[in-house]
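Count the sequence shown with my numbering and you get residues 40 to 191, in order. C-beta: ideal position from N, C-alpha, C; glycine also.
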Amino acid sequence: MKRISTLIVFMSMACAGFAQAGDPVSWTFTSRKVADKTYEIHLTASLSSPWHTYSQTTPDGGPLPTKIEFTRNPLVTADGKTKEIGKLQTKHEPVFGVDVKQYEGKVDFVQVVKLKTNVKTNVSGNVEYMACDDNQCLPPKSVPFTVAIGGK
């Protein structure tokens, strides 16, 4: 029985290690009121070293760009395009044969939204991204998000 318990503990530790190694990007989703009925939606990716993710714009033939889709909400309108805040790097990606825009460490995607009326509601959607290091790229992943805005 003691052997089985020890084996279970080691297998659990190994699985936890694989889970961490397999997901080098963690996301946080927040909102910040910037004016009356105006909010910033922050979609923040934190990447483990040496992983990177790509900008929302990549050249033809390049890797999958980060794609942010907002679910339609009749109470909310987007104000402009989603901005990227982080240390943008341009590097030649030999696998794709093109120069790409990428982020390491941390990147904050910020979308300004406006409420049509002063009510509490949610902004939701999905972030689709791809993470790579110098040796491999993980399959594209889609992460849903929901952020509350409005109210008193």
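Simplified DSSP state of residue i, which is helix, strand or coil
| i | result |
| --- | --- |
| arginine 71 | strand |
| lysine 140 | strand |
| threonine 156 | coil |
| glutamate 97 | In the sequence on display, residue 97 carries threonine and not glutamate. The answer is coil: DSSP assigns threonine 97 none of H, G, I, E or B. |
| aspartate 147 | strand |
| lysine 180 | strand |
| glycine 189 | coil |
| threonine 85 | Per the sequence presented here, residue 85 reads as serine, with threonine not at that position. In the structure shown, serine 85 sits in a strand (DSSP, three-state: E or B). |
| asparagine 174 | coil |
| isoleucine 66 | In the sequence under discussion, the amino acid at residue 66 is tryptophan, which differs from the isoleucine named in the question. Strand at tryptophan 66. |
For residue j and residue i, the rounded distance between their alpha carbons
| i | j | result |
| --- | --- | --- |
| phenylalanine 109 | valine 115 | 10 Å |
| leucine 86 | glycine 144 | 5 Å |
| leucine 82 | glutamine 175 | 24 Å |
| valine 146 | alanine 74 | 24 Å |
| proline 179 | alanine 117 | 25 Å |
| valine 48 | aspartate 99 | Low local confidence applies: a pLDDT of 35 at valine 48 is under 50, so the model's placement there is unreliable, and no value is given. |
Spatial neighbours of residue i in its chain, beta-carbon cut-off 8 Å, leaving aside the 5 residues before and after
| i | result |
| --- | --- |
| lysine 130 | Asp138, Val139 and Gln141 |
| aspartate 172 | Pro63, Pro89, Trp90 and His91 |
| glutamine 128 | His91, Lys140, Gln141, Tyr142 and Glu143 |
Closest by C-alpha distance to residue i, when choosing among the options
| i | options | result |
| --- | --- | --- |
| lysine 126 | His91, Lys159 and Thr77 | His91 |
| threonine 156 | Gln95, Ser70 and Tyr78 | Tyr78 |
| glycine 164 | Asn112, Ile124 and Gln128 | Asn112 |
| glycine 119 | Val152, Val146, Thr97 and Leu103 | Val152 |
| arginine 71 | Lys122, Gln150 and Thr97 | Gln150 |
| valine 162 | Ala170, Glu123, Phe148 and Ala187 | Ala187 |
Chain-order list of residues whose beta-carbon lies under 6 Å from that of residue i (same chain, five-residue window excluded)
| i | result |
| --- | --- |
| leucine 46 | The pLDDT assigned to leucine 46 is 32, lower than 50, so where the model puts this residue is not dependable; a value taken from the coordinates is nonetheless given after this. Around leucine 46: no qualifying Cβ. |
| isoleucine 101 | The amino acid occupying residue 101 in the given sequence is glycine; isoleucine does not appear at that position. Correct list, in chain order: Phe135, Val137 and Val139. |
| glycine 189 | Leu154, Val158, Lys159 and Thr160 |
| glutamate 132 | Val139 |
| alanine 58 | Because alanine 58 sits at a pLDDT of 42, beneath the cut-off of 50, its placement in the model cannot be relied upon, and the point is left open. |
| threonine 121 | Ile107, Phe148 and Gln150 |
Close-in-space but distant-in-sequence residues of the same chain around residue i (CB under 7 Å, 5 per side omitted)
| i | result |
| --- | --- |
| proline 104 | Tyr93, Ser94, Gln95, Thr96 and Thr97 |
| lysine 76 | Lys153, Leu154 and Asn157 |
task: Taking only runs that begin and end inside the stretch 101 to 143, name each unbroken beta strand (DSSP E) of 3 or more residues, in chain order.
output: Counting whole runs of 3 or more residues, the stretch 101 to 143 contains the beta strand (DSSP E) stretches 106 to 109 and 115 to 132.
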